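Residue numbers (my numbering): 26 to 337.
Spelled out as structure tokens, the structure:
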């Protein structure tokens, strides 16, 4: 089949024509591309990145962008956008201090980076530290009427603040702030921790770890502990005396407003009648006489034991 086609003069001529056309297009394309003028174009403020920064260092100052001058065929240059250009500086081996580093660029194929403005990049590096700071709790607001705040507890009570030494030197405290307006019971909440200066301003570019802490703040009504007094009424039988009076509990804790509690110095039970008693008396008595708004933390009855013996 192939042999017959090759012997056909017309087929050979057509094949030769197409082969010649393809060769002409290829040569003409190369000639046209060769005739495209080369141009130079400056790309302004191309984002600048960095490589191989020592983890013990932090960049304190570096330009965000740099001007890049590219050269190449006009058709290629005209298609390039700043996003097609990757410019970086290699920070490998650099220590703390000021440095001037030559940038490098990765550009699309067919063009080249001729120069940079500036030719060298100024970089300031500083040692990173991570000291521990105790948390200072700042409380605002007032609890609900009749409630007082107990001792707050923080978990944890200290954090690590990581950053360059110059910024750490400005840190006055690690602050956690909470508002207790209208609190009428214990509060447990997560609050952020911030590194602040002496004026209370947050210092940026520092890492606080952990950045959230749990705070427990107890709230209760004012309390007062007062003795319990059991009055005795009457006298034992002739020849008998009260040897001992035991009250359990001997004192109780009351809750109420500070004004109401200030007026209470003792808690008096119902009187116990010992008229003509000739033996021990054991009984339970309820608390009484609490003014409105005052309550007892102890919710049970008062245990009373009276020892009555013959007089010696």
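Virtual Cβ for every residue (Gly too), placed ideally from N, Cα, C. Computed from a predicted model, the values in this text were never measured in an experiment.
Please list, in chain order, all residues of the same chain as residue i whose beta carbon is under 8 Å from its beta carbon, the five residues on each side excluded.
i: residue 181; result: 160, 235 and 238
i: residue 148; result: 75, 84, 86, 87, 114, 116, 119, 123, 124, 125 and 126
i: residue 297; result: 255, 256, 257, 258, 306, 308, 310, 329 and 331
i: residue 196; result: 158, 186, 220, 221, 222, 228 and 231
Return the Cβ separation of residue i and residue j in integer angstroms, given the expectation that the two are a contact with Cβ distance under 8 Å.
i: residue 93; j: residue 114; result: Actually they are not in contact, since the Cβ atoms of residue 93 and residue 114 sit about 13 Å apart, beyond 8 Å.
i: residue 19; j: residue 185; result: Since the first and last residues shown for the chain are 26 and 337, residue 19 lies out of range.
i: residue 258; j: residue 334; result: About 19 Å; that fails the 8 Å criterion.
i: residue 209; j: residue 169; result: 4 Å
i: residue 78; j: residue 116; result: 5 Å
By Cβ distance, which residues of its chain are closer than 7 Å to residue i, with the 5 residues on each side in sequence left out?
i: residue 110; result: 68, 71, 93, 130 and 132
i: residue 206; result: 166 and 167
i: residue 318; result: 281, 282 and 285
Residue i to residue j, Cα distance in whole Å?
i: residue 49; j: residue 144; result: Only weak support exists for where residue 49 lies, its pLDDT of 48 falling under 50; the coordinates are left without a value.
i: residue 107; j: residue 123; result: 28 Å
i: residue 172; j: residue 273; result: 28 Å
i: residue 241; j: residue 83; result: 36 Å
i: residue 328; j: residue 214; result: 41 Å
i: residue 203; j: residue 225; result: 15 Å
i: residue 80; j: residue 153; result: 8 Å
i: residue 176; j: residue 249; result: 17 Å
i: residue 243; j: residue 270; result: 37 Å
What does a CB cutoff of less than 6 Å around residue i pick up in its chain, not counting 5 residues either side in sequence?
i: residue 301; result: 262
i: residue 201; result: 160, 162, 216, 218 and 238
I'd like to check one pair, residue j with residue i: are the Cβ atoms closer than 8 Å?
i: residue 24; j: residue 255; result: Since the first residue of the chain shown is 26 and the last is 337, residue 24 is not available in this structure.
i: residue 307; j: residue 330; result: yes
i: residue 314; j: residue 293; result: yes
i: residue 142; j: residue 128; result: no
i: residue 198; j: residue 151; result: no
i: residue 291; j: residue 310; result: no
i: residue 275; j: residue 253; result: yes
i: residue 105; j: residue 64; result: no
i: residue 140; j: residue 187; result: no
i: residue 192; j: residue 228; result: yes
i: residue 332; j: residue 305; result: yes
Would the C-beta of residue i count as close to the ligand FMN, meaning under 7 Å from any of its heavy atoms?
i: residue 230; result: Within the structure as shown, the ligand FMN is missing, as the structure has no ligands at all.
Would you mind listing the beta strand (DSSP E) stretches within the segment 147-226 that are 3+ residues and don't spill past its ends, in chain order? 157-165, 178-180, 183-189, 198-204 and 212-221
If you scan the segment 265-331 from start to end, which runs of the alpha helix (DSSP H) of 4 or more residues do you find wholly inside it? 283-287
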